[in-house]
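Student:
There are 2 protein chains.
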Amino acid sequence: MPEHDADLREKGEVFMPKFGPDGLLTGVVVDASSREVLMVAHLDQEALDATRETGLAHFHSRSRGKLWCKGETSGNVLKVQDILVDCDQDAIVIVAEPAGPACHTGARSCFYRKLDAHGRLMESDA
Amino acid sequence: MPEHDADLREKGEVFMPKFGPDGLLTGVVVDASSREVLMVAHLDQEALDATRETGLAHFHSRSRGKLWCKGETSGNVLKVQDILVDCDQDAIVIVAEPAGPACHTGARSCFYRKLDAHGRLMESDA
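Same order as they appear, the protein sequences are chains A and B.
Per this note's numbering, the very first residue in the first sequence carries number 10; after that it's consecutive.
Per this note's numbering, the very first residue in the second sequence carries number 10; after that it's consecutive.
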């Protein structure tokens with residue numbers, strides 16, 4: 010990428026999302042109240058547009074290859090409060106109010122485990 | 010992926026990181042004190058091993074195609090406190106104590122801007 014573009018992306022006021030070779034950027038959802046990281050998923054242009062237009066977090070399902078409104082079947086939608094953008098514009102943080110558990114397992118957050126000292130997974134209290 | 014593997018990944022105690030077709034998983038770094046999201050980067054097996062062995066966050070640079078210790082030149086390393094793992098084990102949250110600004114621009118976090126109502130980027134106070 011030309012230096013000029015990199016500079017614009019870092020310092021400019023223009024939103025120029027940088028999608029990867031797979032057409033996706035990374036979305037990190039954090040709880041608007043607790044700031045806890047709830048989930049990580051990916052957005053293509055379509056998912057980004059749908060998220061901004063509806064105020065509900067949408068993603069691109071890599072396994073199903075299509076647009077996905079988080080909570081469309083469970084009702085556990087994510088109401089978007091803010092969208093933060095990183096320096097090189099290839100990742101966003103979606104600050105959202107969750108209508109229910111964010112994880113399909115029923116956990117509040119998908120990050121319900123952490124690595125212990127022995128490299129095993131244990132329940133996280135985070 | 011067989012249903013069995015998916016089940017093991019979600020419920021088991023065994024860490025079975027799921028790298029994407031590019032050999033990478035997503036790493037979200039949050040500040041151990043404020044819980045603010047500081048940066049998003051990617052890890053391959055080598056970066057994951059180096060992170061766990063040294064206690065300093067390492068990533069795989071997609072542009073340079075090699076292992077990268079965050080802060081190796083600036084000194085702004087990220088001291089790892091915890092590693093959280095998500096349901097399908099293709100993303101981790103690195104809870105870390107930053108030795109300085111996490112962003113190469115000098116900002117505390119890479120997410121120093123947010124989208125305003127008109128789709129422009131403005132400084133974030135998050």
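Beta carbons are placed, not taken as given, at the ideal position from N, Cα and C, and that holds for glycine.
Taking only runs that begin and end inside the stretch 65 to 135 of chain A, name each unbroken beta strand (DSSP E) of 3 or more residues, in chain order.
Tutor: 67 to 70, 75 to 78, 87 to 94, 100 to 107, 122 to 124, 130 to 132
Student: Report yes or no: do three or more beta-carbon pairs, one from the stretch 117 to 135 of chain B and one from the stretch 19 to 26 of chain B, lie closer than 8 Å?
Tutor: The answer is no - the stretch 19 to 26 of chain B does not touch the stretch 117 to 135 of chain B, with fewer than three Cβ pairs under 8 Å.
Student: Beta-carbon separation of residue 94/B and residue 103/B under 8 Å?
Tutor: no
Student: Looking at chain B, which residues of the stretch 86 to 110 of chain A have a Cβ within less than 9 Å of any of its Cβ atoms?
Tutor: 91, 92, 93, 94, 95, 96, 97, 98, 99, 100, 101, 102, 104
Student: Please determine, among 46/B, 66/B, 55/B, the residue with the shortest C-alpha to C-alpha distance to residue 28/B.
Tutor: Nearest C-alpha to residue 28/B: 55/B.
Student: Any Cβ of chain B within less than 8 Å of the Cβ of residue 79/A?
Tutor: no
Student: If we ignore side chains and look at the alpha-carbon of each, how far apart do residue 109/A and residue 44/B end up?
Tutor: 21 Å
Student: Residues of chain B with CB under 7 Å from residue 68/A, in chain order?
Tutor: Those do not exist, as residue 68/A stays about 13 Å from chain B at its closest Cβ, beyond 7 Å.
Student: If the criterion is Cβ atoms closer than 8 Å, does the pair residue 88/A and residue 115/A meet it?
Tutor: no
Student: Rounding to the nearest angstrom, what Cα-Cα distance links residue 67/B and residue 75/A in this structure?
Tutor: 32 Å
Student: Give a yes or no on whether 8 Å exceeds the smallest Cβ distance from residue 63/B to chain A.
Tutor: no
Student: Looking at the unbroken beta strand (DSSP E) that takes in residue 57/A, where does it start and where does it end?
Tutor: Segment 54 to 63 is the alpha helix (DSSP H) holding residue 57/A; no beta strand (DSSP E) there.
Student: Taking only the alpha-carbon atoms, compute the straight-line gap between residue 151/A and residue 42/A and give it to the nearest angstrom.
Tutor: Residue 151/A cannot be examined here, being either before or after the span of chain A that is shown, 10 to 135.
Student: Give me the chain A residues within the contact set of residue 73/B, using Cβ-Cβ distance strictly less than 8 Å, ordered along the chain.
Tutor: Result: empty, since nearest Cβ-Cβ is about 14 Å, beyond 8 Å.
Student: Establish whether the CB of residue 128/A and some CB of chain B are separated by less than 8 Å.
Tutor: A Cβ of chain B is located within less than 8 Å of the beta carbon of residue 128/A.
Student: Along the stretch 26 to 46 of chain A, what residues have a CB closer than 9 Å to any CB found in chain B?
Tutor: 29, 30, 31, 35, 37, 39, 43, 44, 45, 46
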